[in-house]
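If you read the protein sequences in the order shown, they are chains D and E. Every number in our numbering is 62 more than the matching position in the first sequence, counting from 1. Every number in our numbering is 62 more than the matching position in the second sequence, counting from 1. Have a look at the structure below, then the notes.
There are 2 protein chains.
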Amino acid sequence: MKRPANALPLAVLTLLFEKPMHPYEMSTTLRQRNKEESIRLNYGSLYAVVESLRKKGLIVVGETTREGNRPERTVYELTDEGATAMHEWLSEMLRDPSPQFTDFEAALSLMGAIPPEEALELLRLRLKALRLSSSQYEGVLASIPEDFPAFFLIEGEYASALRQAEIAFVDKLVTDLEHDRLGGMQVWRRIHELREAGHAGEEATAKLHEEFGGLLHWDI
Amino acid sequence: MKRPANALPLAVLTLLFEKPMHPYEMSTTLRQRNKEESIRLNYGSLYAVVESLRKKGLIVVGETTREGNRPERTVYELTDEGATAMHEWLSEMLRDPSPQFTDFEAALSLMGAIPPEEALELLRLRLKALRLSSSQYEGVLASIPEDFPAFFLIEGEYASALRQAEIAFVDKLVTDLEHDRLGGMQVWRRIHELREAGHAGEEATAKLHEEFGGLLHWDI
DNA sequence: GCTCTATTACTCTAGCCAGAGTACTTGAAC
DNA sequence: GTTCAAGTACTCTGGCTAGAGTAATAGAGC
Numbered sequence: 063m064k065r066p067a068n069a070l071p072l073a074v075l076t077l078l079f080e081k082p083m084h085p086y087e088m089s090t091t092l093r094q095r096n097k098e099e100s101i102r103l104n105y106g107s108l109y110a111v112v113e114s115l116r117k118k119g120l121i122v123v124g125e126t127t128r129e130g131n132r133p134e135r136t137v138y139e140l141t142d143e144g145a146t147a148m149h150e151w152l153s154e155m156l157r158d159p160s161p162q163f164t165d166f167e168a169a170l171s172l173m174g175a176i177p178p179e180e181a182l183e184l185l186r187l188r189l190k191a192l193r194l195s196s197s198q199y200e201g202v203l204a205s206i207p208e209d210f211p212a213f214f215l216i217e218g219e220y221a222s223a224l225r226q227a228e229i230a231f232v233d234k235l236v237t238d239l240e241h242d243r244l245g246g247m248q249v250w251r252r253i254h255e256l257r258e259a260g261h262a263g264e265e266a267t268a269k270l271h272e273e274f275g276g277l278l279h280w281d282i
Numbered sequence: 063m064k065r066p067a068n069a070l071p072l073a074v075l076t077l078l079f080e081k082p083m084h085p086y087e088m089s090t091t092l093r094q095r096n097k098e099e100s101i102r103l104n105y106g107s108l109y110a111v112v113e114s115l116r117k118k119g120l121i122v123v124g125e126t127t128r129e130g131n132r133p134e135r136t137v138y139e140l141t142d143e144g145a146t147a148m149h150e151w152l153s154e155m156l157r158d159p160s161p162q163f164t165d166f167e168a169a170l171s172l173m174g175a176i177p178p179e180e181a182l183e184l185l186r187l188r189l190k191a192l193r194l195s196s197s198q199y200e201g202v203l204a205s206i207p208e209d210f211p212a213f214f215l216i217e218g219e220y221a222s223a224l225r226q227a228e229i230a231f232v233d234k235l236v237t238d239l240e241h242d243r244l245g246g247m248q249v250w251r252r253i254h255e256l257r258e259a260g261h262a263g264e265e266a267t268a269k270l271h272e273e274f275g276g277l278l279h280w281d282i
């Protein structure tokens, strides 16, 4: 079975593992349990996902009811295959780390396309935003009763741990940039100087090789 | 302008910022620079993305050439609007932290659907895999010459920092589970015991409320 | 000189997913 | 007693994306 990037189908399976539900109830339940913060949820996807699970035989239509003149509600139930698939899929996601392609990692890898001074300023702003959201999270945590079971906060704690690591990383990067301490910064800066002066493309590349010589012959 | 989740269009813009290219050259360049590790790349997406950038006027067709009987190569160039868009978009991605919906965060938030003992074992395996990939990364790092510019390794360093944080988090979680130290574990375990005994759905929920009383009335 | 694999350069298709749109109901406020 | 926001329950559209498929050439090895 192919695992989609989005965990929404898995979330649907786990909800139906609890009890039969209609899609709208799934969405309100997920929302009420704050799953929206860890799982991308919207109606369009939800109904499509439910239909595709049904086609695969992982869920079946139970009953359809109607209250007053409102749209009909279609209640779905988990099949045995669905329960198995849910178990396998969730196990895999817990067990196997998979490459994640985050925005910031991509941005870092393309950072060379803007001049170092600008990048530095943007990273300072990022740091500020990260620290703010971190302290907001701490605030929310502080407002939760002491005896609230940690189990229900686990995904938030994980996100928070990653955020702390990102803060430490960006903080160090900012400091390194401020002190011109990052290896390769001269090339990076020179590229943008040349471009400012009207040199671009192959021509600029040639000039860089001339100026920096062997240093440009890495390519791991 | 709407930012797609995938950074591929941005990568295309930054490549054309360097010099005009045809799509196939973009893909080989990205691959050669190890950008595949931070940016999801495949042909289907690449050609679609290039076409959509063209439609938006961010890039234009330069020349088309043909060598022998091979398929024609269409070379694209960045427009001024494209350069502006690239700059804005990359700035945004560096500046604004955005929610990331990782697999593992989703898996943690749905972990309740499998029994605690199983989850513990899966997390142990995850930890092992994480440690392995961490030491592999260290190995690769060690094989790189000392004077290799850190700037070109920055996204790998970021990924590595996050991985270290995940290792620390999972390690602690495993220990907590081993010592029955995580708040809410009794409810979690009991849910699966009841299910084993044939109680599910509303019935099980009622029983849980009976047994655990007030403890189940959180919902932040 | 013939086969086999790798490389070059795309094209096609089906499914996924986000966001906006629809249409009805309930309850609160003035 | 009527308006207006919020809630209920979906449907539609169109863009995005992954993976497989195609079709030619170049070079390595026997």
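Backbone N, C-alpha and C fix where the C-beta goes; we use that ideal spot for every residue, glycine too.
For the putative contact between residue i and residue j, defined by C-beta atoms under 8 Å, what is the C-beta separation to the nearest angstrom?
| i | j | result |
| --- | --- | --- |
| D/L75 | D/A147 | 7 Å |
| E/L156 | D/L184 | 4 Å |
| D/P257 | D/A266 | The amino acid at residue 257 of chain D is misidentified as Pro; the sequence shows Arg. About 7 Å separates the two Cβ atoms, so the contact holds. |
| E/D165 | D/A69 | 7 Å |
| E/S196 | E/Q226 | 7 Å |
| E/Y86 | D/L170 | The pair is not a contact, with the Cβ atoms about 26 Å apart (cut-off 8 Å). |
| E/L224 | D/L224 | 6 Å |
| D/I101 | E/F163 | 7 Å |
Any beta carbon from chain D within less than 8 Å of residue i's own beta carbon?
| i | result |
| --- | --- |
| E/Q198 | no |
| E/V74 | no |
| E/A69 | yes |
| E/R135 | no |
| E/I176 | yes |
| E/L152 | yes |
| E/V236 | no |
| E/V249 | yes |
| E/K81 | yes |
With DSSP as the reference, label residue i as helix, strand or coil.
| i | result |
| --- | --- |
| D/T90 | helix |
| D/L140 | strand |
| E/R102 | coil |
| E/I121 | strand |
| D/R252 | helix |
| E/T127 | strand |
| E/R95 | coil |
| D/R135 | strand |
| E/D281 | Legend: pLDDT at E/D281 = 47, less than 50; position of this residue unreliable, no value from coordinates given. |
Are the C-beta atoms of residue i and some chain E residue less than 8 Å apart?
| i | result |
| --- | --- |
| D/P211 | yes |
| D/T164 | yes |
| D/G201 | no |
| D/Y220 | yes |
| D/P159 | yes |
| D/R188 | yes |
| D/L170 | yes |
Can you have a look at residue i and say buried or exposed, based on whether 16 or more other CB atoms are within 10 angstroms of its CB?
| i | result |
| --- | --- |
| E/E167 | buried |
| E/D242 | exposed |
| E/D281 | Residue placement at E/D281 is flagged as unreliable, the pLDDT there being 47, under the threshold of 50; the coordinate-derived value follows with that caveat. Classification of E/D281: exposed, given that the 10 Å Cβ count is below 16. |
| D/G260 | exposed |
| E/V202 | exposed |
| D/A181 | buried |
| D/A110 | exposed |
| E/E293 | Since the first residue of chain E shown is 63 and the last is 282, residue 293 of chain E is not available in this structure. |
| E/E264 | exposed |
| D/I206 | exposed |
| E/E228 | buried |
| D/G106 | exposed |
| D/A204 | exposed |
What's the C-alpha gap between residue i and residue j?
| i | j | result |
| --- | --- | --- |
| D/E217 | D/E98 | 11 Å |
| D/I121 | D/M88 | 14 Å |
| E/L215 | D/G124 | 54 Å |
| D/R283 | E/L194 | Only positions 63 to 282 of chain D appear in this structure, which leaves residue 283 of chain D out of reach. |
| E/G245 | D/D209 | 8 Å |
| D/L247 | D/M173 | According to the sequence shown, residue 247 of chain D is Met rather than Leu. For D/M247 and D/M173, the distance between alpha carbons rounds to 12 Å. |
| E/L72 | E/L152 | 7 Å |
| D/L115 | E/P177 | 24 Å |
| E/K91 | D/T127 | For the sequence presented, residue 91 of chain E should be read as Thr rather than Lys. Distance between the alpha carbons of E/T91 and D/T127 is about 56 Å. |
| D/A67 | D/Y138 | 23 Å |
| D/D238 | E/A212 | 11 Å |
| D/Q94 | E/E272 | 22 Å |
| D/P161 | E/K117 | 31 Å |
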